[in-house]
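Engineer:
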Amino acid sequence: MTITDNGFTATRRLVLQGAGLVILVGLGNIPLGVAPALAAANDKYPEDAFKQKGEADAIKSLYGKTAEPSDKVKLDAPEIAENGAVVPISLTTTLADVTSISFLVSENPNALAASYQIPPGTVPAVANRLKMAKTSNVIAIVEAGGKLYSATREVKVTVGGCGG
Amino acid sequence: MASTIRVRATSSGDTTEVQALIQHPMDSGFVKDAKGEIIPPHFIQQLTFEHDGKSVFVANWGTAVSKDPYVKFSFKGGNKGDDLKISWVDNKGASDTTTAKIL
Amino acid sequence: MRSAIHFASAALALAALASVAAPPALAADTPNPAADARAFQKYFIDKFPKLKLADFVNGPYSLNEDMHKQWEEKEQFPPYEFSLDMGKEMFSKPFKNGKSYADCFPNKGIGIRQDYPYFDDKEGKVVTLELALNRCRVANGEAPFSYVKDEMAALTAYMAFTSRGKPFDIKIPNDPRALEAYENGKRYFYTRRGQLNFSCASCHVQNPGERIRAEILAPALGILNAMPIYRSEWGGMGTISRRFTTCNVQTRGVPLDPQSDEYRDLEYYLSYVSNGLPISGPGARP
Numbered sequence: 001m002t003i004t005d006n007g008f009t010a011t012r013r014l015v016l017q018g019a020g021l022v023i024l025v026g027l028g029n030i031p032l033g034v035a036p037a038l039a040a041a042n043d044k045y046p047e048d049a050f051k052q053k054g055e056a057d058a059i060k061s062l063y064g065k066t067a068e069p070s071d072k073v074k075l076d077a078p079e080i081a082e083n084g085a086v087v088p089i090s091l092t093t094t095l096a097d098v099t100s101i102s103f104l105v106s107e108n109p110n111a112l113a114a115s116y117q118i119p120p121g122t123v124p125a126v127a128n129r130l131k132m133a134k135t136s137n138v139i140a141i142v143e144a145g146g147k148l149y150s151a152t153r154e155v156k157v158t159v160g161g162c163g164g
Numbered sequence: 165m166a167s168t169i170r171v172r173a174t175s176s177g178d179t180t181e182v183q184a185l186i187q188h189p190m191d192s193g194f195v196k197d198a199k200g201e202i203i204p205p206h207f208i209q210q211l212t213f214e215h216d217g218k219s220v221f222v223a224n225w226g227t228a229v230s231k232d233p234y235v236k237f238s239f240k241g242g243n244k245g246d247d248l249k250i251s252w253v254d255n256k257g258a259s260d261t262t263t264a265k266i267l
Numbered sequence: 268m269r270s271a272i273h274f275a276s277a278a279l280a281l282a283a284l285a286s287v288a289a290p291p292a293l294a295a296d297t298p299n300p301a302a303d304a305r306a307f308q309k310y311f312i313d314k315f316p317k318l319k320l321a322d323f324v325n326g327p328y329s330l331n332e333d334m335h336k337q338w339e340e341k342e343q344f345p346p347y348e349f350s351l352d353m354g355k356e357m358f359s360k361p362f363k364n365g366k367s368y369a370d371c372f373p374n375k376g377i378g379i380r381q382d383y384p385y386f387d388d389k390e391g392k393v394v395t396l397e398l399a400l401n402r403c404r405v406a407n408g409e410a411p412f413s414y415v416k417d418e419m420a421a422l423t424a425y426m427a428f429t430s431r432g433k434p435f436d437i438k439i440p441n442d443p444r445a446l447e448a449y450e451n452g453k454r455y456f457y458t459r460r461g462q463l464n465f466s467c468a469s470c471h472v473q474n475p476g477e478r479i480r481a482e483i484l485a486p487a488l489g490i491l492n493a494m495p496i497y498r499s500e501w502g503g504m505g506t507i508s509r510r511f512t513t514c515n516v517q518t519r520g521v522p523l524d525p526q527s528d529e530y531r532d533l534e535y536y537l538s539y540v541s542n543g544l545p546i547s548g549p550g551a552r553p
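Okay, structure coming up:
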């Protein structure tokens, strides 16, 4: 496995779009072509935030403000990842009025890994599995009542998840 | 036929817990194949869960979400037998959608 | 390649670790598999007194708490689900001639994983489940599958799933050829080879629970019960054949052909000494 610093800008090329569809036909049975009506998701995909390198830029691009650490944000992650390709990471919080939860991995080529919208009525807790290229801080951001709160944990990675 | 989406949604008391696993390569674009050529990025960008016509959870993902991604969350409301609609779309415009019953 | 080199240097460090406990008795004068298996199981039970016998089938996960937690998280929605579903579908789909896998196996192939590999007295050799599946295909005019992943992993995943909880029940019939196959497998397991001069036992008997690179070595007891496995490092499924060849390569040895006589005998030995431990496959591994 070789890591390059080539970002994912190239994807937008139509050529690749075509190639991707062929592969998916091989996988079988995925409705093709038409972009789905993500009716309820009126919020746009935060493309720019995902393209930022460091976590500070990603948070700025995503939220336009900075976060303060809070012990009301509980971030759960392994001490040593069994494999950087699949690191189980979860979050719970006692903060009220949560509207979104995001995860960043400082040392990844692009820090922002995932960002979740939490509509009213949805419990402010999420579990997911992320890739980590190497030992790094994982930062969780909770947006609550228009403010940002964070929690940070270091996860040691000895087998990198460069591949995934 | 086989969907790319596996869902388990179970309601207990006033909350419904949802777990989903999706079959997708989630290629990061940072990896080379055996021939030394970059495998272009190919990843799910958005995954939505809708109940009763409203979205209850929206995931925006980058390339650092693991292959065959997994996510778990809960929402208030949702009764046994209700429909939960799950859809994803990736950076190449492919998509899939399925409807699962809450158990 | 790069990972093989890392692995090698870690392996050397491991070798330097004074390897303490003596391996289970090797050279009995007359082969006695039943006594072997008892001694083998006792060795691991004594080494890990806190574990129950059935815990050994979880490989590295029962030996390390931080990893056990990650495993539990994975098992909530295990990564082998897609392969398992595919195997189930493949298993029930008839061949072009109208026959199906079920026609090739006792009890229509359901709940029989624990009886494989077995010694076939007509052929005079050990027959593994993977081998039997491909023979079934060929006998019905279908092309054989690759032994290491994808379809073969999916089929064996499904068959293992229908046997979950059933203890390994490997028989060594009263036939000198069967005993010889067992002895060959055992010899293979304890023979040092490769540039690093390691035997399988150097890692999986003498050092289970130790870290090598990032990995925690699985104990040889119950080492095949969870097969096939979804390995994060592979980013996919692998069969017993795949795991054997990978371990040979990692110690800079030359892997054999999947389903060669040596690997078949090796699987016979490793399965036999785990008799009584439940099938838990398919499994998830780092």
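If you read the protein sequences in the order shown, they are chains A, B and C.
The numbers in this note's numbering rise by one with no breaks, and the one at position 160 of the first sequence is 160.
The numbers in this note's numbering rise by one with no breaks, and the one at position 27 of the second sequence is 191.
The numbers in this note's numbering rise by one with no breaks, and the one at position 261 of the third sequence is 528.
Even for Gly, the Cβ is constructed at its ideal location relative to N, Cα and C.
Rounded to whole angstroms, what is the Cα-Cα separation between A:Asp5 and A:Ile80?
Structural biologist: Caution applies to A:Asp5, whose pLDDT of 34 falls short of 50 and renders its modelled position unreliable; the value that the coordinates give is listed next. Each residue's alpha carbon lies about 25 Å from the other.
Engineer: Pull up the distance between the alpha-carbon of C:Arg552 and that of B:Gln187, whole angstroms please.
Structural biologist: Taking the straight line from one Cα to the other gives about 18 Å.
Engineer: So, using beta-carbon positions, are A:Asn128 and A:Ala144 closer together than 8 Å?
Structural biologist: Result no, Cβ atoms of A:Asn128 and A:Ala144 do not sit closer than 8 Å.
Engineer: What residue does the alpha helix (DSSP H) around C:Lys305 start on, and which one ends it?
Structural biologist: Note that residue 305 of chain C is Arg in the sequence shown here, rather than Lys. 300 to 314 is the extent of the alpha helix (DSSP H) around C:Arg305.
Engineer: Between the Cα of A:Thr122 and those of B:Arg172, B:Thr179, B:Ala166, spot the shortest distance and give me the residue it belongs to.
Structural biologist: Looking at the Cα atoms, B:Thr179 is the closest of the given residues.
Engineer: Could you have a look at C:Arg380 and say whether DSSP puts it in helix, strand or coil?
Structural biologist: Three-state DSSP puts C:Arg380 in a helix.
Engineer: Against chain E, which members of the region 225 to 238 of chain B pass a CB distance test of less than 7 Å?
Structural biologist: No chain E is present in this structure, whose protein chains are A, B and C.
Engineer: Is C:Glu397 near C:Thr512, with beta carbons less than 8 Å apart?
Structural biologist: Their beta carbons are not under 8 Å apart, which means C:Glu397 does not touch C:Thr512 by this criterion.
Engineer: When the cut-off is 8 Å and only beta carbons count, does A:Gln52 lie next to chain B?
Structural biologist: So no, A:Gln52 is outside the interface.
Engineer: Could you tell me whether the Cβ atoms of C:Ile483 and C:Leu330 are closer together than 8 Å?
Structural biologist: Result yes, Cβ atoms of C:Ile483 and C:Leu330 sit closer than 8 Å.
Engineer: Can you pull the DSSP bridge partners for A:Pro69?
Structural biologist: Looking at the DSSP assignment, A:Pro69 forms a beta bridge with A:Ser150.
Engineer: Going by C-alpha to C-alpha distance, which of C:Asp388, C:Ile490, C:Lys392, C:Asp370 sits closest to C:Gly476?
Structural biologist: Measuring from the Cα of C:Gly476, the nearest candidate turns out to be C:Ile490.
Engineer: Looking only at its chain, what residues have a beta carbon closer than 8 Å to the beta carbon of C:Glu265, apart from the 5 residues adjacent to it on each side?
Structural biologist: Lying before the first or after the last residue shown, residue 265 of chain C is absent from chain C, which here runs from 268 to 553.
Engineer: For C:Phe386, which of helix, strand or coil comes out of DSSP?
Structural biologist: The answer is strand: DSSP assigns C:Phe386 an E or B state.
Engineer: Do C:Phe465 and C:Lys429 come within 8 Å of each other at the CB atom, strictly closer than that value?
Structural biologist: A small fix is needed here, since residue 429 of chain C is Thr in this sequence, not Lys. Not a contact, by the Cβ cut-off of 8 Å.
Engineer: May I have the straight-line CA-CA distance separating C:Gly543 from C:Asn441, to the nearest angstrom?
Structural biologist: Those two C-alpha atoms are separated by around 20 Å.
Engineer: Rounded to whole angstroms, what is the Cα-Cα separation between C:Asn401 and B:Gln210?
Structural biologist: One C-alpha to the other measures close to 41 Å.
Engineer: Along the chain, where does the alpha helix (DSSP H) containing A:Glu143 start, and where does it finish?
Structural biologist: Per DSSP, A:Glu143 belongs to no alpha helix (DSSP H); it is in the beta strand (DSSP E), 136 to 144.
Engineer: Please compile the residues from chain B whose C-beta is within a distance smaller than 9 Å of the C-beta of A:Ala127.
Structural biologist: Going along chain B in sequence order, the residues near A:Ala127 (Cβ under 9 Å) are Gln183, Tyr234, Val235, Lys236, Phe237.
Engineer: Have a look at the DSSP bridge pairing and note the partners of B:Trp225.
Structural biologist: BP columns for B:Trp225 point to A:Ala114.
Engineer: To test your reading of the DSSP string, which unbroken alpha helix (DSSP H) runs of 4 or more residues are found completely within the region 173 to 240 of chain B?
Structural biologist: Taking only runs of at least 4 residues, no alpha helix (DSSP H) segment lies wholly in the region 173 to 240 of chain B.
Engineer: Which whole-angstrom value describes the C-beta separation of A:Ala111 and A:Ala58, a residue pair presumed to lie in contact below a C-beta threshold of 8 Å?
Structural biologist: The Cβ separation is near 5 Å, so the contact holds.
Engineer: Do C:Pro495 and C:Thr423 have their C-beta atoms within less than 8 Å of each other?
Structural biologist: Result yes, Cβ atoms of C:Pro495 and C:Thr423 sit closer than 8 Å.
Engineer: Quick one: is B:Ser259 buried, meaning 16 or more other Cβ sit within 10 Å of its Cβ, or exposed?
Structural biologist: Flag for B:Ser259 reads buried.
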